[in-house]
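Reviewing the structure listed below.
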Amino acid sequence: MSYSSLLKKHGLKIWLSNFLGNVATSIVIGVITFILVFGGLILIGATAGPLLMGLDQNMTEEEMFRVIDQSLLAPGIALSILILFVLFFILILLPTAFQTAGSIAVAVEAAAFNRSDVGTFFSKGFKYTGKMFLFFLLSSLLYLAVFVVGGIAFPFFATDNGGGIILGVLLTLAAIVLAVLLGLALMHAPVILIAEHTKVTQAISKSFYLFKKAFGRVFGSAFYAFLITAGLFVIYFIVLLIFGSVFAGFSAAGTGGEEAAAIFSLIGNLVGMALSWVVGPVFTTITSLLIIHRYFKYLRHWINPHVPGGESAPGGNHPNTDFKPSFSIKTDAEPSQHSNRSDSDETFNWDTDGPEKNQ
Numbered sequence: 001m002s003y004s005s006l007l008k009k010h011g012l013k014i015w016l017s018n019f020l021g022n023v024a025t026s027i028v029i030g031v032i033t034f035i036l037v038f039g040g041l042i043l044i045g046a047t048a049g050p051l052l053m054g055l056d057q058n059m060t061e062e063e064m065f066r067v068i069d070q071s072l073l074a075p076g077i078a079l080s081i082l083i084l085f086v087l088f089f090i091l092i093l094l095p096t097a098f099q100t101a102g103s104i105a106v107a108v109e110a111a112a113f114n115r116s117d118v119g120t121f122f123s124k125g126f127k128y129t130g131k132m133f134l135f136f137l138l139s140s141l142l143y144l145a146v147f148v149v150g151g152i153a154f155p156f157f158a159t160d161n162g163g164g165i166i167l168g169v170l171l172t173l174a175a176i177v178l179a180v181l182l183g184l185a186l187m188h189a190p191v192i193l194i195a196e197h198t199k200v201t202q203a204i205s206k207s208f209y210l211f212k213k214a215f216g217r218v219f220g221s222a223f224y225a226f227l228i229t230a231g232l233f234v235i236y237f238i239v240l241l242i243f244g245s246v247f248a249g250f251s252a253a254g255t256g257g258e259e260a261a262a263i264f265s266l267i268g269n270l271v272g273m274a275l276s277w278v279v280g281p282v283f284t285t286i287t288s289l290l291i292i293h294r295y296f297k298y299l300r301h302w303i304n305p306h307v308p309g310g311e312s313a314p315g316g317n318h319p320n321t322d323f324k325p326s327f328s329i330k331t332d333a334e335p336s337q338h339s340n341r342s343d344s345d346e347t348f349n350w351d352t353d354g355p356e357k358n359q
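Just so you know, we're using the UniProt record's numbering here: the sequence shown kicks off at 1 and counts up by one.
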């Protein structure tokens with residue numbers, strides 16, 4: 001089935017899945033943020049309170065800031081801030097991992113099985129949250145090299161030497177190129193993690209393998225997704241400008257003065273927020289389904305040579321025999337006619353996340 005056919009048949013349900021998932025994730029993140037900020041203020045206040053008792057009304061402004069700086073740099077305060085930062089990072093990353101896993105899962109179900117279900121977002125999202133969280137952590141470690149290269153560039157910009165500035169620019173460009181290449185190399189790891197039911201390290205290694213062996217296809221998926229995203233963003237921006245102009249005109253023509261302007265401004269902001277809530281899942285639906293559809297059509301045979309369909313890998317039908325197949329794509333409309341596996345082979349059951357004997 002073509003990408004346009006998949007999008008037409010399953011796009012609305014995938015969008016609804018992403019919309020509901022975004023709402024649920026935003027609520028969880030909001031609650032976590034409120035609890036951590038409120039608890040952090042109490043913790044910092046309890047720790048810094050005794051230290052700030054040293055402030056005196058007769059102190060100069062410079063002396064007061066010195067006492068505050070000393071209080072904030074005290075071991076107890078610094079440790080509290082560090083603990084809160086780590087907790088915030090972990091607790092925010094977990095719902096983000098759930099959201100990512102759910103959005104990929106519904107697109108995989110549509111591309112692989114020609115079906116879609118809102119419940120898949122939540123069931124598979126919860127199931128793969130741990131693995132996706134670990135993937136985020138490992139990919140963050142890989143990006144440390146990019147941060148190191150970018151960090152080295154900053155001191156050169158502070159010099160008056162023209163050669164140093166040029167070197168800083170070159171290092172910055174190198175960091176950008178490295179970040180783009182690493183993003184391409186890791187792009188299919190979350191897809192492989194869920195579609196092939198692999199371990200996190202296996203998904204990363206297979207994604208790097210695709211980047212090395214089928215760079216054109218990988219780059220094409222990223223490029224098409226970028227073009228679609230850019231086009232949607234332009235349309236979204238134009239719509240926002242139109243709504244903004246309309247509400248600005250109503251506000252200027254209003255007879256209620258500042259109150260009318262405030263009301264129209266509030267309505268305009270609410271419309272903008274509503275559009276962002278609607279458009280965000282559209283971006284996710286279109287790009288994720290595109291990347292996953294192209295993965296099954298052009299890339300999967302590189303790491304899973306036993307599955308039917310797709311293009312033949314150059315050099316033979318088994319480009320990477322180290323990786324065993326996870327499941328084969330079979331639908332009622334298109335029964336598999338090309339698989340060379342015996343009836344005793346095991347395939348991966350999407351509904352149970354376990355092995356199943358072929359019938």
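In this text, a Cβ means the ideal position worked out from N, Cα and C, and glycines have one as well.
Where T287 sits in the DSSP three-state scheme: helix
Start-to-end residues for the alpha helix (DSSP H) that takes in Y209: V200 to K213
Proximity winner among I152, L178 and S103, relative to I166 (alpha-carbon distances): I152
L87 versus L240 - alpha carbon distance: 36 Å
C-alpha gap between A110 and V37, whole angstroms: 40 Å
Best match in G216, T33 and A185 for proximity to L205 [C-alpha to C-alpha]: This sequence places Ser at residue 205; Leu is not what is there. The option with the nearest alpha carbon to S205 is A185.
Distance, T287 Cα to residue 360 Cα: This structure does not reach residue 360, given that the chain is present from 1 up to 359, and the question cannot be answered.
Chain D within 8 Å of G39, Cβ atoms only: Among the protein chains of the structure shown there is no chain D, as only one such chain exists.
Delimiting residues of the alpha helix (DSSP H) encompassing L178: G162 to L186
Reduced DSSP category for H301 - H, G, I as helix; E, B as strand; rest coil: helix
Euclidean distance between Cα positions of S139 and L178: 13 Å
Three or more C-beta pairs below 8 Å linking the region 154-168 and the region 91-104: no
Three-state secondary structure (DSSP) of residue 360: For the chain, the structure presents residues 1 to 359; residue 360 sits outside this window and is missing.
Where the alpha helix (DSSP H) containing F122 begins and where it ends: V118 to K127
Contact belief for T284 with S2 at Cβ below 8 Å, rounded distance in angstroms: Rounded, the Cβ-Cβ distance is 20 Å, inconsistent with contact.
Alpha carbon of L6 to alpha carbon of S80, nearest angstrom: 50 Å
Own chain, CB closer than 7 Å to V118, minus 5 neighbours either side, in chain order: K13, L16, S17 and L20
Cβ pair L210, L299 closer than 8 Å: yes
Beta-carbon spacing of I29, I92 below 8 Å: yes
Beta-carbon proximity of V108 to A195, cut-off 8 Å: yes
CB contact flag (I291, S221, <8 Å): yes
Nearest-angstrom beta carbon gap, A214 and A203 [assumed within contact, 8 Å]: Not a contact, Cβ separation roughly 16 Å.
C-beta atoms of V218 and L182 nearer than 8 Å: no
Three-state secondary structure assigned by DSSP to N114: coil
A274 (DSSP reduced to helix, strand or coil): helix
As assigned by DSSP and simplified to three states, the class of H197: coil
Unbroken alpha helix (DSSP H) run spanning F154, endpoints: L144 to F157
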